[in-house]
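Q:
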Amino acid sequence: MAIRRGRGVAAINYPTGMNLGGDPTQALVHSTPTGNFMVTLSSVDLGQGMKQIMAQICAETIGVPTDRVVVDTADTDTGPHCMGTFASRGTHRAGNAVIQAAREARQVMLEVAAEELEVNASDLETDGQGNILVKGAPQKSISIFDVALSAHFKRGRSISGRGMFLIPRSYPEKETGAMKPSTCYAHACTVAEVEVDDETGEVTVLTVKNVFEIGRALNPKMVEQQLVGGSWMGISHALYETTEPYYPNRDHGGTDFNQYLMPGPGDLAETEIIVLERPSADGPYGAKGPGEMCANPQIPAVANAVFDAVGVRIDTLPITPERILRALKAQAAN
Amino acid sequence: MAKVPVQFTLNGSEKAEFVDSGTTLLHALRDKIGDTSPKGGCHQGSCGACSVIIDGELRLSCLTLAETCDGAVISTTSGLSDSGVLHPLQRAFLDTFATQCGFCTPGMIMAAKVLLDHTPNPSRDEVVEALSGNICRCTGYEPIIQAVLTVARSNSQNAA
Chain E
1 MAIRRGRGVA AINYPTGMNL GGDPTQALVH STPTGNFMVT LSSVDLGQGM
51 KQIMAQICAE TIGVPTDRVV VDTADTDTGP HCMGTFASRG THRAGNAVIQ
101 AAREARQVML EVAAEELEVN ASDLETDGQG NILVKGAPQK SISIFDVALS
151 AHFKRGRSIS GRGMFLIPRS YPEKETGAMK PSTCYAHACT VAEVEVDDET
201 GEVTVLTVKN VFEIGRALNP KMVEQQLVGG SWMGISHALY ETTEPYYPNR
251 DHGGTDFNQY LMPGPGDLAE TEIIVLERPS ADGPYGAKGP GEMCANPQIP
301 AVANAVFDAV GVRIDTLPIT PERILRALKA QAAN
Chain Z
1001 MAKVPVQFTL NGSEKAEFVD SGTTLLHALR DKIGDTSPKG GCHQGSCGAC
1051 SVIIDGELRL SCLTLAETCD GAVISTTSGL SDSGVLHPLQ RAFLDTFATQ
1101 CGFCTPGMIM AAKVLLDHTP NPSRDEVVEA LSGNICRCTG YEPIIQAVLT
1151 VARSNSQNAA
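For the protein sequence lines, the chains are E and Z, in the order given.
For the first sequence, counting from 1, position 49 maps to 49 in the numbering used here; every step adds exactly one.
For the second sequence, counting from 1, position 3 maps to 1003 in the numbering used here; every step adds exactly one.
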């Protein structure tokens, strides 16, 4: 009986979004009378940072500071249609819709500014600080604040735009079954090192080294936050979490979240995160969906590390001490 | 049933309430006084989201009866900032991205504050121990540990 050490590796491709009956998200953008911009969405921020990212995308497209944008996701009854926050689709789908809406709003904004400055709209550019300048003659400028006032009170224009992003439904080809169920793919690879006590079946994860390829990181600190938390969740999926420990038998199943085990702050493995950015062709400013895939590769990596340590293949999650001991017993009997 | 009068100091101001006997401090704070910074997660003392500081000690407000707090000095996260300036722990939680959905954050900050009040320069193990009664399901804990260590390092620099 001994503590045995093992190392496992796993790599994944992860789709962004899904394709059941088509996958749409819509967005509306409009300016207030003072030149702030509202983004109206039905997409929901679950804490992953959707509002921050949509504000950044809108601000980048219109050419204003991010703090001039307010994102309203208040009500799915009244907001523009979104399929929802799932399948790592939020940034990609809603982001593309916001870009389209913001481009239309920017165009109106430039048209109003052109009338005020008596120039051609195509000769105007934004400075990113809240002003619109004549290209090559930046002394001739107008603030977006004044443009909005003019649009609202003088010109009778609505500085607004509509955005619609739809991934159409893809049907499988009859001969081959080939289809396009999703859009751009994120990638990840994890190497996990574990110690397995072959007397108790307990697994201790020593290190988790992750590489994530997630398109362009639109907000690198928030991406890191998502990946660090996700890596921990992957370990949790692999070793801890279950609602049905003896499925389909309900005995011993948890009855509330207090009995839904996840690793605590004293159970953390040494974790490394490396982010590779390969901007996607169809993503908003090159983004893909890093959301769910960040908690995936740790699971097979841990299962492989357990195999490396004690030579048993556990194919049911979570990899509990009981399952390891039963497998070791079966292995010894053969 | 007769109501029970309770008076205590909450974040520096005097509060007086009549509560039903058996009312938890969490319920009294959130639903009677209107301080919603302590969160009701599990209501049975295992998640730490309702943590508050009573007379300098970390306590679970969901397991504390309001009537036992008569005369107590109570602190919650909503009383930490000073005239709009965030407490160093709040600032550190923001700077290290130690909050995602935010539900555990007030309890985490209370637990961290009691630790730092008693132990201004804790080791990582002491931080982990202090946070071990609080559940987070977004961050993986590491950013929270780093937030507390950031404040601890700044404490030791100020002391030096």
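All C-beta atoms in this analysis are idealised placements derived from N, C-alpha and C, irrespective of residue type, glycine included.
List the endpoints of the continuous alpha helix (DSSP H) containing A59/E.
A: As a working mapping, residue 59/E is identified with position 59 in the first sequence. Looking at the DSSP string, the run of the alpha helix (DSSP H) that includes A59/E is M50 to I62.
Q: Kindly give me the distance between the Cβ atoms of Q305/E and A188/E, rounded to whole angstroms, as I take these residues to be in contact under 8 Å.
A: Working through the first sequence from its first residue, we reach residue 305/E at position 305. Working through the first sequence from its first residue, we reach residue 188/E at position 188. Per the sequence shown, the amino acid found at residue 305/E is Ala instead of Gln. Going by Cβ atoms, the distance from A305/E to A188/E rounds to 16 Å, so no, they are not a contact pair.
Q: Around the Cβ of Q26/E, are there at least 16 other Cβ atoms within 10 angstroms (buried) or fewer (exposed)?
A: The residue labelled residue 26/E in the question sits at position 26 within the first sequence. Q26/E is buried by the Cβ-count criterion.
Q: Mind listing, in chain order, the continuous beta strand (DSSP E) runs of no fewer than 3 residues lying wholly within the stretch 113–138 of chain E?
A: Here the runs fully enclosed are 124–126 and 131–134.
Q: Could you check whether V134/E and L124/E sit closer than 8 Å to each other, using their CB atoms as the reference points?
A: Position 124 of the first sequence, counting from 1, holds the residue named residue 124/E. Position 134 of the first sequence, counting from 1, holds the residue named residue 134/E. Against a cut-off of 8 Å, the Cβ pair of V134/E and L124/E comes out as a contact.
Q: Would you say P297/E lies against chain Z (beta-carbon separation less than 8 Å)?
A: Position 297 of the first sequence, counted from the first residue, corresponds to residue 297/E. So no, P297/E is outside the interface.
Q: Does the CB of N258/E have a neighbour CB from chain Z at under 8 Å?
A: Residue mapping note: residue 258/E aligns to position 258 of the first sequence, counting from 1. Yes, N258/E counts as interfacial toward chain Z.
Q: Would you check if the stretch 46–61 of chain E and the stretch 108–122 of chain E touch, i.e. whether three or more CB-CB distances between them fall below 8 Å?
A: Short answer: they don't touch.
Q: Quick test of the definition: if touching needs 3 or more C-beta pairs under 8 Å, does the stretch 1031–1042 of chain Z touch the stretch 1113–1132 of chain Z?
A: Verdict: no, contact absent.
Q: From what residue to what residue does the alpha helix (DSSP H) around R1124/Z run?
A: Here residue 1124/Z is taken as the residue at index 124 of the second sequence, counted from 1. It spans R1124 to L1131 - the alpha helix (DSSP H) in which R1124/Z sits, taken as one unbroken run.
Q: At which residue ranges does the stretch 1068–1112 of chain Z contain complete beta strand (DSSP E) runs of 3 or more residues, listed in the order of the chain?
A: Taking only runs of at least 3 residues, the beta strand (DSSP E) segments lying wholly in the stretch 1068–1112 of chain Z are 1073–1075.
Q: Ignoring anything shorter than 4 residues or poking outside the stretch 249–323 of chain E, list the alpha helix (DSSP H) runs there in chain order.
A: Counting only runs of 4 or more, we get 298–310.
Q: Do you know offhand how far H994/Z's Cα is from S158/E's?
A: A query on residue 994/Z cannot be resolved here, the shown segment of chain Z reaching from 1001 to 1160 and no further.
Q: Is the beta carbon of F1018/Z sitting closer than 8 Å to the one on G1071/Z?
A: In the second sequence, counting from the first residue as 1, residue 1018/Z sits at position 18. In the second sequence, counting from the first residue as 1, residue 1071/Z sits at position 71. No.
Q: Could one say the Cβ of P1106/Z lies closer than 8 Å to chain E's Cβ atoms, at least one of them?
A: Here residue 1106/Z refers to the residue found at position 106 when the second sequence is read from its first residue. Not an interface residue.
Q: Would the beta-carbon of P297/E fall within 8 Å of that of L239/E?
A: Against the first sequence, residue 297/E aligns to sequence position 297. Against the first sequence, residue 239/E aligns to sequence position 239. No, they are not a contact pair.
Q: With hydrogens ignored, establish whether the beta-carbon of T61/E is closer than 7 Å to any heavy atom of the ligand GDP.
A: Ligands are entirely absent from the displayed structure, and the ligand GDP is therefore not among its contents.
Q: Taking 8 Å as the cut-off, decide whether the C-beta atoms of I167/E and A105/E are in contact.
A: To locate residue 167/E, count along the first sequence from 1; it is residue 167. To locate residue 105/E, count along the first sequence from 1; it is residue 105. Not in contact: I167/E and A105/E (Cβ atoms no closer than 8 Å).
Q: I'd like the span of the beta strand (DSSP E) that includes H237/E, first residue to last.
A: Counting from one through the first sequence, the residue named residue 237/E turns up at place 237. Unbroken run through H237/E is the alpha helix (DSSP H), P220 to L239; no beta strand (DSSP E).
Q: Quick one: which residues of the stretch 1087–1101 of chain Z get their C-beta closer than 7 Å to a C-beta of chain E? List them in chain order.
A: If the cut-off is 7 Å between Cβ atoms, the stretch 1087–1101 of chain Z has F1097, Q1100 and C1101 near chain E.
Q: Work out the CA separation of D1020/Z and C1101/Z for me, nearest whole Å.
A: What you label residue 1101/Z is simply residue 101 of the second sequence in a count that begins at 1. What you label residue 1020/Z is simply residue 20 of the second sequence in a count that begins at 1. Cα to Cα, C1101/Z sits roughly 32 Å from D1020/Z.
Q: Under a CB-based cut-off of 8 Å, is S231/E close to chain Z?
A: Taking the first residue of the first sequence as position 1, residue 231/E is located at position 231. It does: the Cβ of S231/E has a partner Cβ on chain Z nearer than 8 Å.
Q: Closer than 8 Å by beta-carbon distance: list the chain E residues that pair up with G1140/Z, in chain order.
A: Here residue 1140/Z corresponds to residue number 140 of the second sequence, with the count starting at 1. In chain order: V228, G229, G230, S231, W232, M233, L268 and T271.
Q: Between which two residues does the alpha helix (DSSP H) harbouring L991/Z extend?
A: Outside the displayed span of chain Z (1001 to 1160) sits residue 991/Z, for which this structure offers no information.
Q: Within the continuous alpha helix (DSSP H) that includes I144/E, where are the two ends?
A: For the purposes of this step, residue 144/E is identified with residue 144 of the first sequence, where counting begins at 1. I144/E -> alpha helix (DSSP H) spans I144 to S150.
Q: Under 7 Å between beta-carbons, which chain B residues line up against K221/E? List them in chain order, please.
A: Of the protein chains in the structure, E and Z, none is chain B.
Q: Quick one: is S1051/Z near chain E, going by C-beta distance under 8 Å?
A: Here residue 1051/Z corresponds to residue number 51 of the second sequence, with the count starting at 1. Chain E, which has no Cβ nearer than 8 Å to the Cβ of S1051/Z, makes this no.
Q: Here's the rule I'm using: 16 or more other beta-carbon atoms within 10 Å means buried, otherwise exposed. How should R1059/Z be labelled?
A: Residue mapping note: residue 1059/Z aligns to position 59 of the second sequence, counting from 1. Per the 10 Å Cβ criterion, buried.
Q: What does the alpha-carbon distance come out to for the pair D75/E and S182/E?
A: Along the first sequence, read from residue 1 onward, the residue named residue 75/E stands at position 75. Along the first sequence, read from residue 1 onward, the residue named residue 182/E stands at position 182. Near 27 Å, if we compare the C-alpha coordinates of S182/E and D75/E.
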